[in-house]
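Per UniProt numbering, the sequence shown runs over residues 1 to 257.
Each residue gets a CB set at the ideal place from its N, CA and C atoms; glycine is no exception.
Model, not experiment: these values are computed from the prediction.
Everything below concerns the one structure shown next.
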Amino acid sequence: MVVATFNVWFSDFHAEARYRAIADVLARKIPDVMVFQEITPAALAVFLAEPWIRVRYRRAEVTGGDLGNYGMLMLSRLPIANVTYTPLPTNLARGFMTAELDTGGQPLTVVALHLESGKAAAGLRSRQLGQVFRALRRTENAVVLGDFNMRDSENGRIGEPYRDVWPMLRPDEDGFTEDTTINLMRLDSKNKQRHVRFDRVLLKGGGWAATDVELLGTEPISSALPRVFPSDHFGVLCRLKPQPVTEGARPHRFWRR
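Okay, structure coming up:
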């Protein structure tokens, strides 16, 4: 099972070329589940025009309206059921999407989130994350991924039964998903240095184990545009492996083909 998250950056700056670059990056990986933040109508149109997405993926989207000028998108190669969107207490129209995934074996709930941004919003982010965790309190196996907007000083808010995949698998690497040393577009847009790991993958339960995690979109979109990257964020891709079902338990299927 391969899952990926990407904040695509809603800016009009080289938008169509950037969105196509994101699609190209993901096309080389073909994740089973992809979630996106800051999806605009233009970004949605680019992704849904891709033949490999249009043919292989089911989609759930929350865009426009009360969300303002961007929203969220979930694409899955596997059947998804009971998809919901839950607004969070927010000043920026933030929320989370939840879907039950039919894996044909170990059940898995996928939660895509976008938490409040800004240093001053740390307290609000804590309340938002608490609401997400409460929504999953009866869920045995879950992967929670997206743009957490959390600084390292907030890492203490993530603990058992959740495991933060990046430090678990690559403890000697920072895993910054906003990194102005590499992403010159991010540096140009804000004119200040930033090195933060906003985008994360969390895992809950013993039904699945994370085996690998990597960053996506860490190179310019072309040699002709060396200061234009797919997004101001890097994406994150994680590979999961189902674990043996506990003796006496049966795998539950959310969806019948």
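Beta-carbon contacts of residue i that lie in its chain and below 7 Å, excluding the five residues immediately before and after
i, result
"I158", "D164, L202"
Alpha-carbon to alpha-carbon, residue j and residue i
i, j, result
"L67", "A112", "Legend: pLDDT at L67 = 47, less than 50; position of this residue unreliable, value from coordinates given subsequently. Whole-angstrom Cα-Cα distance: 15 Å."
"residue 258", "W166", "This structure gives no information on residue 258, because the portion of the chain shown stretches from 1 to 257."
"S76", "P244", "23 Å"
"R18", "D24", "10 Å"
"P51", "A27", "10 Å"
"K29", "A4", "9 Å"
"T90", "V143", "23 Å"
Rounded Cβ spacing between residue i and residue j (contact assumed at less than 8 Å)
i, j, result
"I22", "P171", "Actually they do not touch by this definition, with Cβ atoms about 28 Å apart."
"D102", "A122", "Their Cβ separation, rounded to whole angstroms, is 37 Å, which puts D102 and A122 out of contact at 8 Å."
"T109", "N141", "7 Å"
"F148", "R200", "5 Å"
"Q128", "G207", "With a Cβ gap of about 25 Å, Q128 and G207 do not count as contacting."
Proximal residues to residue i (C-beta, below 6 Å), its chain only, five neighbours per side dropped
i, result
"V213", "V165, W166, L169, C238"
"R59", "L75"
"T40", "F10, Y70"
"F36", "F6, V8, L73"
"residue 265", "With the chain represented from 1 up to 257, any question about residue 265 goes unanswered, as that position is not in the structure."
"A209", "K241, Q243"
Cut-off 8 Å between Cβ atoms - residues of its own chain near residue i, not counting five sequence neighbours on either side
i, result
"E16", "A42, V46"
"S189", "S11, F13, D232"
"F198", "N7, D147, F148, N149, M150, T177, E178, H233"
How do the stretch 179-188 and the stretch 125-134 stand: do at least 3 beta-carbon pairs fall below 8 Å, yes or no?
-> In short, these stretches do not touch, since the Cβ pair count stays below three.
Flag this pair as touching only if the stretch 209-218 and the stretch 227-236 have three or more C-beta atom pairs under 8 Å; answer yes or no.
-> With the cut-off at 8 Å, the stretch 209-218 and the stretch 227-236 touch.
In chain order, each alpha helix (DSSP H) run of at least 4 residues that lies wholly inside the stretch 165-246 | Every alpha helix (DSSP H) stretch that sits fully inside the stretch 165-246 and reaches 4 residues is listed by chain position as 165-169, 184-190.
Beta strand (DSSP E) segments (min. 3 residues) lying fully within the stretch 6-84 | Contiguous beta strand (DSSP E) elements confined to the stretch 6-84 occur at 33-39, 58-62, 71-76, taking only those with 3 or more residues.
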